[in-house]
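Structure first, then comments.
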Amino acid sequence: MNEVTVSSACKYLGVSTSGYYAWRKRQANTAQKYNDLKAVYWQHHARLGAPSLVHDMHDLGYNMSERTIGRMLKKLGLRSRIARKYKHTTDSTHRLPTAPNLLDRQFTVTQPNKVWTTDITYIHTKEGWLYLCVMLDLFSRRIVGWQTSHRIDRQLVCDTFNYAMARQGYPTGVMVHSDQGSQYCSRDFRALLLKNDCTQSMSRRGNCWDNAVTESFFPTLKGHVVHGSVFSTRKEVNAVLFDYIEIYYNRVRRHSANGWLSPEAFEQKYFKNLEGSIVHDTV
1 MNEVTVSSAC
11 KYLGVSTSGY
21 YAWRKRQANT
31 AQKYNDLKAV
41 YWQHHARLGA
51 PSLVHDMHDL
61 GYNMSERTIG
71 RMLKKLGLRS
81 RIARKYKHTT
91 DSTHRLPTAP
101 NLLDRQFTVT
111 QPNKVWTTDI
121 TYIHTKEGWL
131 YLCVMLDLFS
141 RRIVGWQTSH
151 RIDRQLVCDT
161 FNYAMARQGY
171 PTGVMVHSDQ
181 GSQYCSRDFR
191 ALLLKNDCTQ
201 SMSRRGNCWD
211 NAVTESFFPT
221 LKGHVVHGSV
231 FSTRKEVNAV
241 LFDYIEIYYN
251 RVRRHSANGW
261 LSPEAFEQKY
271 FKNLEGSIVH
281 DTV
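The letter at position 165 of the sequence shown is residue 165 when you use this note's numbering, and the numbering goes up by one with no holes.
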């Protein structure tokens with residue numbers, strides 16, 4: 001039996017050879033596009049939807065809209081994990097002195113280590129509850145400090161603050177914003193802020209929007225790595241938190257507030273521009 005050539009088949013079907021090869025190329029490109037989208041989706045461990053993935057695809061050379069990526073994800077049967085509503089952990093029903101709301105929802109900051117926001121959440125394990133406290137730099141949304149404990153007390157917030165200060169090189173003049181939880185109103189924590197030349201700011205009682213950036217971090221974290229998981233030990237949770245915060249969130253996860261750069265990439269861009277402006281001024 002004679003083998004049918006591409007040119008003879010195209011002639012028989014009434015299509016051009018160039019048109020056939022163009023069609024083949026489009027099919028291959030479409031398959032590659034879907035493969036690349038799946039790779040990016042799983043790189044983020046199914047944590048992100050179309051609004052965030054569009055920027056990763058753009059970095060790969062694809063000029064695609066959120067709507068297009070949304071359709072492709074649906075066709076692939078993929079969807080991001082949904083964050084649940086955040087529940088308050090700290091107790092603000094006390095008679096300890098509080099600080100004024102100096103931050104006043106001014107969440108856009110132009111330099112690192114000017115405003116840190118902080119909060120506490122809890123994660124269940126078979127050993128009991130594990131409490132997580134974070135310090136978040138509003139400039140880049142980077143978690144500059146975090147600590148865990150089996151107790152939700154003033155020592156947890158003090159340890160988190162001390163860790164953040166050491167990690168950031170003991171900056172002075174930082175505004176530290178929190179809710180009115182008793183841990184943040186404690187004498188020990190207030191003395192620690194004073195010792196490090198920091199200003200204390202607090203949300204109005206019962207107003208979660210005054211600390212919206214940090215409070216939105218916890219539902220994202222829990223939706224990505226906690227909900228649906230069963231942890232046997234607190235040590236197991238600590239390993240998961242390290243991977244999410246240090247490896248993924250700070251280094252990889254994009255933020256709209258950062259022009260869709262990760263916290264680390266946003267800070268690197270800032271310092272690179274700062275270095276360039278200093279060199280320019282000295283010339």
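Glycine included, every Cβ here is placed at the ideal spot set by N, Cα and C. In this text, all values refer to a predicted model and were calculated from it rather than measured experimentally.
Between the C-alpha atoms of residue 104 and residue 33 there is a straight-line separation of about 45 angstroms. For residue 249, the secondary structure class from DSSP, reduced to helix, strand or coil, is helix.
Uninterrupted beta strand (DSSP E) stretches at least 3 residues long and entirely within the stretch 107 to 165 occur at 115 to 125, 128 to 137, 142 to 149, given in chain order. Looking at the backbone, the Cα of residue 66 and that of residue 189 are separated by about 44 angstroms. When the Cα atoms are used, residue 143 and residue 100 turn out to be separated by approximately 24 angstroms.
Between residue 267 and residue 171, the C-beta gap is not smaller than 8 angstroms, which leaves the two residues out of contact.
When only Cα atoms are considered, residue 227 and residue 149 end up about 20 angstroms apart. For the pair residue 152 and residue 158, the Cα-to-Cα distance works out to about 11 angstroms. Counting along the chain, residue 237 sits inside the alpha helix (DSSP H) bounded by residues 234 to 242.
If you ignore the 5 residues before and after residue 102, its C-beta comes within less than 7 angstroms of the C-beta of 175, 199, 201, all in its own chain and listed in chain order. For residue 199, the pairing in a beta bridge is given by DSSP as 175. In terms of Cα proximity to residue 124, the closest of 225, 115, 270, 263 is 225.
Looking from the CA of residue 140, the closest CA among 236, 249, 30, 277 belongs to 249.
DSSP, read as helix, strand or coil, puts residue 261 in strand. Under the three-state reduction of DSSP, residue 58 is assigned to helix.
Distance from the CA of residue 243 to the CA of residue 40, rounded to the nearest whole angstrom, comes to 18 angstroms. The Cβ neighbour count for residue 106, taken over all protein chains shown within 10 Å, is under 16; the residue is labelled exposed. For residue 72, the uninterrupted alpha helix (DSSP H) segment begins and ends at 66 to 76.
Your pair residue 180 and residue 98 checks out as a contact, with CB atoms roughly 5 angstroms apart and the cut at 8 angstroms. Annotation: the continuous alpha helix (DSSP H) that includes residue 183 extends over 182 to 185. Residue environment analysis places residue 271 among the exposed positions, since fewer than 16 neighbouring C-beta atoms fall within 10 angstroms of its C-beta.
Residue 58 counts as exposed, since fewer than 16 other C-beta atoms from the protein chains shown sit within 10 angstroms of its C-beta.
The closest CA to that of residue 173, considering only 35, 31, 192, 156, is found on 192. In the DSSP assignment, residue 213 falls within the alpha helix (DSSP H) that extends over 212 to 221. With fewer than 16 other Cβ atoms from the protein chains shown falling within 10 Å of its own Cβ, residue 42 counts as exposed.
The C-alpha of residue 8 lies about 27 angstroms from the C-alpha of residue 31.
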